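Counting in our numbering, the sequence shown runs from 1 upward without gaps. We treat Cβ as the ideally placed atom computed from N, Cα and C, and that holds for glycine. In this text the structure is predicted, and so the values were computed from the model without any measurement. Remarks on the structure that follows.
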Amino acid sequence: MRIKVASSREEIFTLNPNERIVHLAFRPSNKDIFGLVETCPKIEVIQLPKSYIRTVSKSIEMFLQMQRIQLLEGDAWEHRKDINEYYSIPSSVIEKIKEMKIEGKYAEEIEKKVSRERKLNPGTVAYILTKETPV
1 MRIKVASSRE
11 EIFTLNPNER
21 IVHLAFRPSN
31 KDIFGLVETC
41 PKIEVIQLPK
51 SYIRTVSKSI
61 EMFLQMQRIQ
71 LLEGDAWEHR
81 KDINEYYSIP
91 SSVIEKIKEM
101 KIEGKYAEEI
111 EKKVSRERKL
121 NPGTVAYILT
131 KETPV
């Protein structure tokens, strides 16, 4: 699974319209969020660092809910944009989630264990659990 990393406002309008998951590595304004949704009509998830997600307005949260776009807390750990514009979640993580799901583990248990082991936010693990692992 690949997450597109946008590190500046200017990048929003150059994104591929087919992007489904975007990590904003800057504190977005309401205008930035609207611009992102307009630029990427297929977007499903906007991921923000913990310190930035707290500053998102209630009106933007409601707008994203109406658009069925998830707002997730998370970081692109150790990602270097000069090397790759995407942050990739290793297939081994997705396989681990699939294995645990097949074993009959509860979603909360999977989220807790994988997020702790792989430094992923539980919300991101929950998204992977629902979108990437249909068992």
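Endpoints, the alpha helix (DSSP H) within which GLN65 is located: The residue labelled residue 65 in the question sits at position 65 within the sequence shown. For GLN65, the enclosing alpha helix (DSSP H) begins and ends at 58-66.
Three-way DSSP call (helix, strand, coil) for ARG2 in this model: In the sequence shown, the residue the question calls residue 2 occupies position 2. Per DSSP, reduced to three states, the secondary structure at ARG2 is strand.
Cβ-based burial, THR124 [other Cβ within 10 Å; buried from 16]: Here residue 124 corresponds to residue number 124 of the sequence shown, with the count starting at 1. Flag for THR124 reads buried.
Segment limits, beta strand (DSSP E) that includes LYS110: Taking the sequence shown and counting its residues from 1, the one referred to as residue 110 is at position 110. Reading off the sequence shown, one finds Ile at residue 110, where the question assumed Lys. Per DSSP, ILE110 is not a residue of any beta strand (DSSP E); the alpha helix (DSSP H) it occupies stretches across 107-118.
Beta-carbon spacing of LEU15, ALA6 below 8 Å: Here residue 15 is taken as the residue at index 15 of the sequence shown, counted from 1. Here residue 6 is taken as the residue at index 6 of the sequence shown, counted from 1. Contact flag set, yes.
Sufficient close CB pairs (3 or more, under 8 Å) joining the region 63-78 to the region 41-50: Yes: at least three Cβ pairs fall under 8 Å.
Which of helix, strand or coil DSSP assigns to GLU136: The question about residue 136 has no answer, for the chain in this structure spans 1 to 135.
Beta strand (DSSP E) segment containing ILE43, residue limits: As a first step, residue 43 must be located in the sequence shown, where it is residue number 43. That residue, ILE43, is in no beta strand (DSSP E); it is neither H nor E in DSSP.
N- and C-terminal bounds of the beta strand (DSSP E) containing SER179: This structure gives no information on residue 179, because the portion of the chain shown stretches from 1 to 135.
Pairwise C-alpha distance: LYS58 and VAL37: As a position in the sequence shown, residue 37 is number 37, starting the count at 1. As a position in the sequence shown, residue 58 is number 58, starting the count at 1. So the alpha carbons of these two residues sit roughly 16 Å apart.
Distance, GLN67 Cα to GLU85 Cα: As a first step, residue 85 must be located in the sequence shown, where it is residue number 85. As a first step, residue 67 must be located in the sequence shown, where it is residue number 67. For GLU85 and GLN67, the distance between alpha carbons rounds to 26 Å.
Check whether GLU19 and LYS31 have beta carbons under 8 Å apart: If you number the sequence shown from 1, residue 19 lands on position 19. If you number the sequence shown from 1, residue 31 lands on position 31. No.
Inter-residue spacing [alpha-carbon to alpha-carbon] between ARG118 and GLU108: For the purposes of this step, residue 118 is taken as residue 118 along the sequence shown, with counting starting at 1. For the purposes of this step, residue 108 is taken as residue 108 along the sequence shown, with counting starting at 1. Distance between the alpha carbons of ARG118 and GLU108 is about 15 Å.
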